[in-house]
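Enquirer: Going letter by letter, the sequence shown gives residues 83 to 594 in the numbering used here. Heads up, the beta-carbon is just placed ideally off N, CA and C, and yes, glycines get one too.
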Amino acid sequence: MSNFLKRVPKRAKALRNHTVILGWSNRIFSILQELAIANANVRKPRVFILSQHTSEHMETLIRSRVRNLGKLKVITKTGELQNAENLNNARISKAKSIIVLTSDDVLGNVADFVQAATSNTDMRIVAEIERATTGEALKASSKGQVITVQAQQIIARVIAQDSRSAGLAAVVLDLLDFDGDEIYFADVPALFGKTYADALLAFNTASVIGLLNSDETALVNPTQDTVIVSGMKIIAIAEDDDKVVYTGVREDIAKSPVTPFAKRKATAGQLLIIGWSALGRQVLTELTQFLPKGSSVHISAQERYVDPRELEELKFGDISITFSPITGDAAGLNAAVGTKSYDQIIVLGYRNGISETDADALTSLTVSELHKLFQEPGNSIEPTRLVAEILDSSKSELSSVDALVVSDSLTALLIAQLSENPALAPVFEDLFDAQGASLNVRSITDYAPIGKSVSFAELVAVARNHGESAIGYRLATGTGFEGSTGVVLNPAKTSEFIPVEGDALVVVGDLN
């Protein structure tokens, strides 16, 4: 049975509580997939897409790119985004959310037009932006009605953080998709007058990460002595909203001893980045904050796919940044890697003068050639950790990398989450900005001894004593299986496991 509704003007008259998507990009397929999962229990979920493509073209691409729309029905219409009749056909005044996928240059006009076409000031418009200045202007002009997602900034942060905190990309994707545990808000009067430290151990099937004030400002991982008052809500990760059930403060382990973090001597690192785009500068901005003095980053890329301006003034304190051009063949890659021992190699997708499909094919080829270099008998190049970026989620079949960051999927997941629950905006903003609380994947040995059974509640208690909110763990033994990341998000507090070398605890806390 088709998931597409025909005769748009007639059928659209009955639309209400639906999602409107204005514009078109590769993100749309992942967005639709997530909206289908999120609305699986909704009686008649609907999405209205308005773009300049023909309906036939849009529907053909959706059929080929979206695995299963489930009950979600999609209405497509060809037309200008700023046409009043088109917006009326989309019934934006009756929609629950609006997603805008277009260029920064026309985004402001589209947002203004949408706001003028609906009197619903509670309506939230989720818009993907390219430039931070666009976001600032939209927030100011719309008085907060427009929620912006700066895709490249978030992608760069995840790549950089996974480079120094193995497993973080998998945690982010697990947290953002609708197939599993998600973030919920819960009013818990039993905790009024108690502290955030108490709340962390008060839910067996939910992992607390913060508090939401009555004015909807978010406090992600606040200080442990923060008092919970009437009007505040708990921010928690759970399988469903009905799983955020207060089970009482765990006084039995509330005073677990603090085990100091092991002091690891910071040594200069050597990183290689293969491939380049404007995203590269943002990755370096995030990454070089944590590289020890004396570290170096070497960039190798095919010059025909790089805007020379993107390589200008790459200066980051005491970190040495160098560049050399490469050819696209194995010999060029071999020359780039040379005999130098790198702590890590990051493969970035090209974005200039090349299609996404061809860019991803180059990334796949690069990763394949690197593994050949690592495995060739007598080769002096030692295997090292590989982090790769894929632009298009339909091409994300790289199983031979330690971390894979799928750009369009990551952004699409975030957009879909915000369109379903705009109240999550301040939570994600705090988690993904450069300051404040962040997701971290830390060695389990900072929290528990190897080889001794430990409950998740005990790990939460120890993390709490370090000023962190534990939300899960990553099992080293689970990362070797195809399709498995080893990440266990939000286990029951009563669950136990025996840590082994390489396991890690997933926490929300300061970057250090």
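(1) Alpha carbon to alpha carbon, how far is residue 471 from residue 458? Give it in angstroms, no decimals.
(2) Between which two residues does the alpha helix (DSSP H) containing residue 554 stretch?
(3) Let me know the alpha helix (DSSP H) ranges lying completely inside the segment 206-262, each 4 residues or longer, listed in chain order.
(4) Taking residue 375 as the reference, give the member of 382, 114, 352, 524 with the closest Cα.
(5) Is DSSP giving residue 267 helix, strand or coil here?
(6) Roughly how many angstroms separate the alpha carbons of residue 517 and residue 304, rounded to a whole number?
(7) Grouping DSSP H, G and I as helix and E and B as strand, with all else coil, what is residue 276?
(8) Among the residues of its own chain, which have a CB less than 8 Å from the CB of residue 425, if the five just before and after it don't count?
(9) Which residues in the same chain have their Cβ closer than 6 Å to the Cβ of residue 569, if we skip the five residues on either side of it in sequence?
(10) Output the boundary residues of the beta strand (DSSP E) element that contains residue 445.
(11) So the candidates are 313, 323, 298, 206; which of them puts its Cα closest to the Cα of residue 70?
(12) How long is the line joining the alpha carbons of residue 362 and residue 238, rounded to whole angstroms?
(13) Between which two residues does the alpha helix (DSSP H) harbouring residue 496 extend?
(14) Counting C-beta neighbours from all protein chains within 10 Å, is the total for residue 228 16 or more, i.e. buried, or is it exposed?
(15) Going by the beta-carbon positions, is the gap between residue 448 and residue 317 smaller than 8 Å?
(16) Going by DSSP, what residue range makes up the alpha helix (DSSP H) through residue 414?
(17) Along the chain, where does the alpha helix (DSSP H) containing residue 362 start, and where does it finish?
(18) Under the DSSP definition of a beta bridge, which residues are partnered with residue 353?
(19) Distance, Cα to Cα, residue 262 vs residue 102?
(20) Quick check: the Cα distance between residue 495 and residue 258, rounded to an integer number of angstroms?
(21) Exposed or buried, residue 134, counting other C-beta atoms within 10 Å across all chains shown (16 or more means buried)?
(22) Considering only the beta carbon of each residue, do residue 104 and residue 211 sit closer than 8 Å?
(23) Are the Cβ atoms of residue 247 and residue 523 separated by less than 8 Å?
(24) What residue range is occupied by the uninterrupted alpha helix (DSSP H) comprising residue 524?
(25) Kindly identify the DSSP beta-bridge partner or partners of residue 578.
(26) Taking three-plus beta-carbon pairs below 8 Å as touching, is the segment 500-508 in contact with the segment 379-394?
(27) In whole angstroms, what separates the C-alpha of residue 423 from that of residue 584?
(28) Between residue 315 and residue 127, what straight-line distance do the alpha-carbon atoms span, to the nearest angstrom?
(29) Would you mind giving the Cβ-Cβ distance between residue 192 and residue 208, rounded to the nearest angstrom? I have them listed as a contact below 8 Å.
(30) Take the Cβ of residue 274 as the centre, count every other Cβ of all protein chains shown within 10 Å, and call the residue buried at 16 or more, exposed below.
(31) Output needed for residue 574: all residues of its chain with C-beta closer than 8 Å, excluding positions within five of it in sequence on either side, in chain order.
(32) Is it buried or exposed for residue 249, if we count other Cβ within 10 angstroms and need 16 for buried?
(33) Using 8 Å as the threshold, is the C-beta distance between residue 98 and residue 176 below it?
(34) Could you check what DSSP says for residue 315 in three-state terms: helix, strand or coil?
(35) Where does residue 144 fall in DSSP's three states?
(36) Pick helix, strand or coil for residue 393, following the three-state DSSP scheme.
Expert: Reading it off the structure:
(1) Taking the straight line joining both Cα atoms gives about 25 Å.
(2) Looking at the DSSP string, residue 554 is not in any alpha helix (DSSP H); the run it does join, the beta strand (DSSP E), is 551-556.
(3) Secondary structure in the segment 206-262: the alpha helix (DSSP H) runs of 4 residues or longer, each lying completely within the stretch, are 214-224, 233-246, 250-258 in chain order.
(4) Measuring from the Cα of residue 375, the nearest candidate turns out to be 352.
(5) DSSP places residue 267 in strand when its eight states are reduced to three.
(6) When only Cα atoms are considered, residue 517 and residue 304 end up about 13 Å apart.
(7) Residue 276: coil per DSSP, three-state reduction.
(8) Closer than 8 Å at Cβ, skipping near neighbours: 351, 352, 353, 466, 467.
(9) These residues qualify, in order along the chain: 252, 253, 256, 556.
(10) Here residue 445 belongs to no beta strand (DSSP E); instead the alpha helix (DSSP H) covers 438-457.
(11) Past the boundaries of the shown model lies residue 70; the chain is included only from 83 to 594, so the question cannot be answered.
(12) If you draw a straight line from the Cα of residue 362 to the Cα of residue 238, it is about 8 Å long.
(13) Element bounds for residue 496: 489-502.
(14) Residue 228 is buried by the Cβ-count criterion.
(15) Not a contact, by the Cβ cut-off of 8 Å.
(16) That run of the alpha helix (DSSP H) goes 412-419.
(17) Annotation for residue 362: the continuous alpha helix (DSSP H) segment containing it runs 360-369.
(18) In the DSSP output, where bridge partners are listed per residue, residue 353 has 379, 426.
(19) Whole-angstrom Cα-Cα distance: 25 Å.
(20) Their backbone Cα atoms lie some 6 Å apart in a straight line.
(21) When all chains shown are included, residue 134 counts as exposed.
(22) Here residue 104 is not near residue 211, since their CB atoms are 8 Å or more apart.
(23) Residue 523 is positioned such that its CB atom lies closer than 8 Å to that of residue 247.
(24) Note, residue 524: premise wrong, no alpha helix (DSSP H); beta strand (DSSP E) at 520-525.
(25) Answer by DSSP bridge pairing, in chain order: 537.
(26) Judged by Cβ distances under 8 Å, the segment 500-508 makes no contact with the segment 379-394, as fewer than three pairs qualify.
(27) Taking the Cα positions, residue 423 is about 22 Å away from residue 584.
(28) Rounded to whole angstroms, residue 315 and residue 127 show a C-alpha spacing of 28 Å.
(29) About 12 Å separates the beta carbon of residue 192 from that of residue 208, a gap too long to meet the 8 Å contact definition.
(30) In this structure residue 274 is exposed. Its beta-carbon is surrounded by fewer than 16 other beta-carbon atoms within 10 angstroms.
(31) Taken in chain order, the residues that qualify are 286, 287, 538.
(32) Under this definition residue 249 is a buried residue.
(33) Against a cut-off of 8 Å, the Cβ pair of residue 176 and residue 98 comes out as a contact.
(34) Strand.
(35) Note: residue 144 maps to helix in three-state DSSP.
(36) Of the three classes helix, strand and coil, the one that applies to residue 393 here is helix, per DSSP.
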